[in-house]
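Residues in the sequence shown are numbered from 214 upward in steps of one, following our numbering.
Note that the Cβ used here is the ideal one computed from N, Cα and C, for glycine as well.
None of the values given here were measured: they were computed from a predicted structure.
Before any comments, here is the structure.
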Amino acid sequence: MAAELEARGFWGPAMPLDEMAGMLSRGDDIWAARDGEMAPHLEVKFASDEFDRASLQDSVTAKIGDATVPVGPMELQIAYKLYLGTQTDFEDALHLYTVFEESLRTERLEDWVRRLGVEGEYDRLERA
């Protein structure tokens with residue numbers, strides 16, 4: 214995978230891509246971005262909990278230029294950002310909520326909010 218990413222013009226902002234296998238085997242997450250850039254980036258990791266597995270199983274397809282890439286459902290991403298709890302994560306959640314508001318499945322979002330125990334943060338998000 215590292216060779217393919219490098220061949221396609223990606224780099225590892227936090228580590229050389231040729232260290233991916235070792236880092237993944239230790240349970241570390243890997244980031245890759247276009248050469249010389251930090252964002253946007255992709256993250257590579259093994260699924261380690263129900264949220265990671267749901268993100269893979271319930272993924273949606275995003276089109277970026279001529280390419281498509283699976284991404285976790287927005288409802289889970291928003292709730293998980295609220296769970297992370299930093300101001301930056303709240304702002305990310307608010308941005309996703311605002312951009313995708315018309316297509317969000319409210320019942321599914323509220324289910325993730327309950328499962329992650331972030332009802333108060335979700336109330337704040339709705340008021341923002």
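(message) I'd like to know whether the C-beta atoms of Leu-289 and Ala-267 end up nearer to each other than 7 Å.
(response) It is a contact, given that the beta carbons lie within the stated cut-off.
(request) Note the first and the last residue of the continuous alpha helix (DSSP H) segment covering Val-331. (result) Premise fails: Val-331 is in no alpha helix (DSSP H) and is neither H nor E.
(request) Evaluate the contact criterion for the region 219-226 versus the region 241-253: three or more CB pairs, one atom per stretch, below 8 Å. (result) With the cut-off at 8 Å, the region 219-226 and the region 241-253 touch.
(request) State buried or exposed for Lys-258, treating a residue as buried only when at least 16 other CB atoms are found within 10 Å of its CB. (result) It is exposed - the Cβ of Lys-258 has fewer than 16 other Cβ atoms within 10 Å.
(message) Taking the beta carbon of Lys-276 as the centre, do at least 16 other beta carbons fall within 10 Å, making it buried, or is it exposed?
(response) Its Cβ having fewer than 16 others within 10 Å, Lys-276 is exposed.
(request) Closer than 6 Å by C-beta to Leu-230: which residues in its own chain qualify, once you throw out the five before and the five after it? Chain order, please. (result) Cβ neighbours of Leu-230 within its own chain (closer than 6 Å, five residues either side excluded): Ala-215, Leu-218, Glu-219.
(message) If you follow the beta strand (DSSP E) that Ala-275 is in, where does it begin and where does it stop?
(response) That run of the beta strand (DSSP E) goes 273-277.
(message) Tell me the rounded alpha-carbon separation between Leu-338 and Phe-303.
(response) Between Leu-338 and Phe-303, the C-alpha separation is close to 8 Å.
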